[in-house]
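Following: one structure in structure tokens, then a few remarks.
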Amino acid sequence: MKQWYRFCIVLLAAVALFGFANYAAYAKSPPYEDNYGGIWRTDWEDVMFSMDYDGLVTGAFDAGKGGRLGGVVRVETLHGVWAADQGQTPCSEERWGSRYWGDVVMVFDYGGNGLSGKWGACGEPPSTPFTGRRLKMLEMNATIPIPSGKPVPSLDPDSVAVPAAPGSDYVDATPGIGGPEGTVPADPDQAVAADVGPAEPPADFPTLPDFAPVRSALTDPAELLPPDTALDTVLNGEVWEIDALVDKEPERYLSVGWPYRMAYASYLPLGKEQPMLDVRVYTGNDAALKIIEGTGRESLRDARDCGIVEGAFKGTEYGRFVLWFRHNGAALRLSGPDEPLVQKLARILLDRS
């Protein structure tokens, strides 16, 4: 009986020690299960950010106004700060080299491809809600182009508390988050709760520009369009001709401010109306091309990876087969009536210098 009693004491001690160790690990080592870095389309801004293995975030938005984002991820939540060089009403003090700045919180859903968040300006608690979805994932520690070259906003990781065990409260010291006392419920879903705020962003927040005056030095995409003679005889034994050509398009701008150019050509067998093949070539910096590819992938039905080259993907759109891939620094979109024909066209383009 005494031996059984001693065994129970040892067992209880081990369970208590194990539980304490688990609690300590939970309290001190926030789990970064997912990489949330990527290109995000949100109701607030189109944002690109990367994440490192310590949960630190560096990002950019609205290149025309020098938008920068920094922060830290703790338990599926990004506690962030933003700054921009332009806006309507400046804050009373300057931070990170800008008079336009504020706080933002993003809570990521399971799997990390959707988020809900709130943002605020000039030190006010984040209160205006927004949602978003990830267009493209970026690898850990990916380099983000910061448009203005000014300091990226940052938070001290120790200032963002990790949730304590359920049933207790914890202090969130992130500026502007958690109310005047900085105390929020332990439930992570409530950690960013705040007044819903106005339905529209306040006037002092820098909005996305319709046109961003950024530099123009992009490769001419028309140079990468294949001439119709490149298709002759090698594609279905036909002689091909260009049916439509768009090769003088001016530079355009994504909502985040990055420029891109596009050229387009459609090809038909001589004297026939089918099969029609389309080629679109996009040039720009890598960040811009990733946004374009992400939007393209979203528009496809049954989108899936394709092994023709690394990063290629395929699917169907409006009953036509579509293939996206990179070549010579450009993003190419090929479409046609069926996969074998488009794959042959892709091989022709890949074999060209």
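All the letters of the sequence shown, read from the start, carry residue numbers -27 to -1, 1 to 326 under mature numbering (1 follows the signal peptide of the UniProt record, and there is no 0). Glycine included, every Cβ here is placed at the ideal spot set by N, Cα and C. What you are looking at is a predicted structure, and each value in this text was computed from that prediction instead of being measured.
Problem - Own chain residues within Cβ distance below 7 Å of residue 227, not counting five before or after - result: Taking the sequence shown and counting its residues from 1, the one referred to as residue 227 is at position 254. Contacts found: 233, 261, 264.
Problem - beta strand (DSSP E) segments (min. 3 residues) lying fully within the region 224 to 274 - result: 232 to 242, 250 to 257
Problem - residue 313 burial status per 10 Å Cβ neighbour count (16 or more: buried) - result: For the purposes of this step, residue 313 is identified with residue 340 of the sequence shown, where counting begins at 1. The residue is exposed, with fewer than 16 neighbouring Cβ atoms inside 10 Å.
Practice task
For the region 31 to 49 and the region 99 to 109, state whether three or more C-beta atom pairs, one from each stretch, are separated by less than 8 Å.
Solution key: no
Exercise for the section: Measure the alpha-carbon distance for residue 24 versus residue 192 and round it to whole angstroms. Expected result: If you number the sequence shown from 1, residue 24 lands on position 51. If you number the sequence shown from 1, residue 192 lands on position 219. When rounded, the distance between both Cα atoms is 30 Å.
Handout entry: Residues near residue 13 in its chain [Cβ-Cβ closer than 6 Å; skip 5 each side]
Key = Locating residue 13 in the sequence shown gives position 40, where the first residue counts as 1. Closer than 6 Å at the Cβ level, and outside the excluded window around residue 13, lie 20, 105, 107.
Problem - Proximity winner among 28, 321, 96, 42, relative to residue 113 (alpha-carbon distances) - result: For the purposes of this step, residue 113 is taken as residue 140 along the sequence shown, with counting starting at 1. That would be 28, whose Cα lies nearest to the Cα of residue 113.
Handout entry: For residue 315, the first and last residue of its enclosing beta strand (DSSP E)
Key = For the purposes of this step, residue 315 is taken as residue 342 along the sequence shown, with counting starting at 1. Element bounds for residue 315: not the beta strand (DSSP E) but the alpha helix (DSSP H), 312 to 324.
Practice task
Below 6 Å CB to CB, which residues in the same chain sit around residue 68 once its five sequence neighbours on both sides are set aside?
Solution key: Here residue 68 refers to the residue found at position 95 of the sequence shown. 74, listed in sequence order.
Handout entry: 8 Å CB neighbourhood of residue 325 in its chain, flanking five on each side removed
Key = Position 352 of the sequence shown, counted from the start, is the residue given in the question as residue 325. Around residue 325: 199, 203.
Exercise for the section: Using a threshold of 7 Å, state whether the C-beta atoms of residue 70 and residue 124 are closer than that. Expected result: Numbered from its first residue, the sequence shown carries residue 70 at position 97. Numbered from its first residue, the sequence shown carries residue 124 at position 151. Yes, they are a contact pair.
Problem - Spatial distance of residue 115 from residue 8 (CA atoms) - result: Locating residue 115 in the sequence shown gives position 142, where the first residue counts as 1. Locating residue 8 in the sequence shown gives position 35, where the first residue counts as 1. When rounded, the distance between both Cα atoms is 11 Å.
Exercise for the section: Would you list the one or two residues that DSSP bridges to residue 289? Expected result: The residue given as residue 289 occupies position 316 in the sequence shown. Beta-bridge pairing links residue 289 to 274, 294.
Problem - CA nearest to the CA of residue 272, picked from 292, 213, 258, 83 - result: The count along the sequence shown starts at 1 and reaches residue 272 at position 299. If we check each option's Cα against that of residue 272, 292 comes out closest.
Problem - Bounding residues of the beta strand (DSSP E) (the contiguous stretch that carries residue 101) - result: For the purposes of this step, residue 101 is taken as residue 128 along the sequence shown, with counting starting at 1. Run containing residue 101: 101 to 110, per the beta strand (DSSP E) assignment.
Exercise for the section: Can you grab the Cα-Cα spacing for the pair residue 214 / residue 243, in whole Å? Expected result: By one-based count along the sequence shown, residue 214 stands at place 241. By one-based count along the sequence shown, residue 243 stands at place 270. Each residue's alpha carbon lies about 6 Å from the other.
Exercise for the section: Go to residue 23, then tell me how far its beta strand (DSSP E) extends in each direction, as first and last residue. Expected result: The residue you call residue 23 lines up with position 50 of the sequence shown. From DSSP, the beta strand (DSSP E) with residue 23 extends over 19 to 24.
Problem - residue 33, enclosing beta strand (DSSP E) - first and last residue - result: Within the sequence shown, numbered from 1, the residue matching residue 33 stands at position 60. Segment 29 to 34, the beta strand (DSSP E) holding residue 33.
Practice task
Measure the CB-CB distance between residue 99 and residue 82 and report whether it falls below 7 Å.
Solution key: Residue numbering aside, residue 99 sits at position 126 when the sequence shown is read from its first letter. Residue numbering aside, residue 82 sits at position 109 when the sequence shown is read from its first letter. Result no, Cβ atoms of residue 99 and residue 82 do not sit closer than 7 Å.
Practice task
Could you work out which residue in 85, 197, 258 is closest to residue 331 when comparing CA atoms only?
Solution key: Here the chain comprises residues numbered -27 to 326, so residue 331 is not present and cannot be evaluated.
Problem - Beta-carbon spacing of residue 304, residue 266 below 7 Å - result: Counting from 1 along the sequence shown, the entry for residue 304 is found at position 331. Counting from 1 along the sequence shown, the entry for residue 266 is found at position 293. Yes, these two residues count as a Cβ contact at 7 Å.
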